[in-house]
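Participant: After the structure tokens below, expect a handful of questions from me.
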Amino acid sequence: MSMNLEREKAVFTGGSEVADAKPTNLSKILFGATVISMLVSLYFIFIFAAEEKSMHAAQKIFYFHVSSAWLAFMAFFVTFVFSILFLIKRKRIFDTYAYVSAEIGVVFTIIVLTTGPIWARSAWNTWWVWEPRLITTLILFFIYIAYIMIRQMDGVWDKKARLSAVFGIIGFADVPIVFFAIRWWQTKFHPIVFGDGPSQQGGGIEDTMLAALLITITAFTILYVYLLQKGVSFENMRIKVEQYKEKLREQLDK
């Protein structure tokens, strides 16, 4: 036990890196901004934005689907960056940010994989099609599920952190593949909205729809920052509790 405790101390120096789990002014501001931005985005989605001519109201799920995908990509990018920082600096706070961001990314990838089939049923008359973007998104989901499973294994945390950091770095390579999948491989599904593709032109988007999409993406980004801040705070609190428990065991063993 003493060896484990020394390893904890070697990387995690205590209070200087631990965020207070109590609500802070920043947390309150982020929560308020999240609520307001979400309400504004709902107004733009359901009232302001024009209704799509063929799918009608079912198309509204597009805003949540795309925004969730954006948030998942951003979360995995943050995991990628902090995983590199952890391997270089070996500071536990970097590992904590990487882990919490990966959890958030997995949650919103689940939302992407849930809203996608619902939207596909209206757009393609099928729940699922084995096409490039769907397959690569599913692979991305399993990569970061593996990342989280590594974190849940028994063992010394620094070894798990190093292994999961490698997963976090390698796994991010799938993100650009997911994004460019419909441009690299011909597919009759997942039409390209912006830009040109190998077999189809970008269809563009109506101005009110674009405004609703951008506002929803902004709202989801604020939500991500709030969730990351709270997640890191709670994870640091958990680490501190574990250290206190370890110290107590040390004292009882004497």
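Numbering-wise (my numbering), the sequence shown opens with residue 198 and increments by one. All C-beta atoms, glycine included, are put in the ideal place defined by N, C-alpha and C. All of these numbers come straight from a predicted model, not from anything done at the bench.
Is the beta carbon of Y423 less than 9 Å from the beta carbon of F261?
Facilitator: No. Outside cutoff.
Participant: Quick one: which unbroken alpha helix (DSSP H) runs of 4-plus residues sit fully inside the stretch 224-309? Chain order, please.
Facilitator: Runs of the alpha helix (DSSP H) inside the stretch 224-309: 258-286.
Participant: Contact defined as beta carbons within less than 8 Å: I believe P314 pairs with W324. What is the distance between those atoms, to the nearest angstrom?
Facilitator: Sure, about 4 Å apart at Cβ, within 8 Å.
Participant: Is it right to say I226 is buried, meaning 16 or more other beta carbons lie within 10 angstroms of its own, or is it exposed?
Facilitator: Under this definition I226 is an exposed residue.
Participant: Can you give me the C-alpha to C-alpha distance between M235 and A416, rounded to a whole angstrom?
Facilitator: Straight-line Cα distance between these residues: approximately 6 Å.
Participant: Would a C-beta distance cut-off of 9 Å place L335 and F273 closer than the cut-off?
Facilitator: Not in contact: L335 and F273 (Cβ atoms no closer than 9 Å).
Participant: Contact between the stretch 399-414 and the stretch 341-358 is defined here as three or more beta-carbon pairs at a separation below 8 Å; is this criterion met?
Facilitator: As far as the Cβ criterion goes, the stretch 399-414 does not touch the stretch 341-358, which means the pair count is below three.
Participant: Check this for me: beta carbons of V275 and A254, under 9 Å apart or not?
Facilitator: Cβ atoms of V275 and A254: not closer than 9 Å.
Participant: Give the C-beta separation of P329 and A378 to the nearest angstrom, bearing in mind that I take them to be a contact with Cβ-Cβ under 8 Å.
Facilitator: At roughly 4 Å, the Cβ-Cβ gap stays under 8 Å, so P329 and A378 are in contact.
Participant: Rounding to the nearest angstrom, what Cα-Cα distance links D450 and L310 in this structure?
Facilitator: If I take the Cα positions, the gap works out to 49 Å.
Participant: So is F364 buried or exposed if we call it buried at 16+ other beta carbons inside 10 Å?
Facilitator: The residue in question, F364, is buried, as its Cβ has 16 or more Cβ neighbours within 10 Å.
Participant: First and last residue of the alpha helix (DSSP H) that includes V326?
Facilitator: Where V326 is concerned, there is no enclosing alpha helix (DSSP H), given that its DSSP letter is neither H nor E.
Participant: Kindly indicate which three-state DSSP category W354 falls into: helix, strand or coil?
Facilitator: It is helical.
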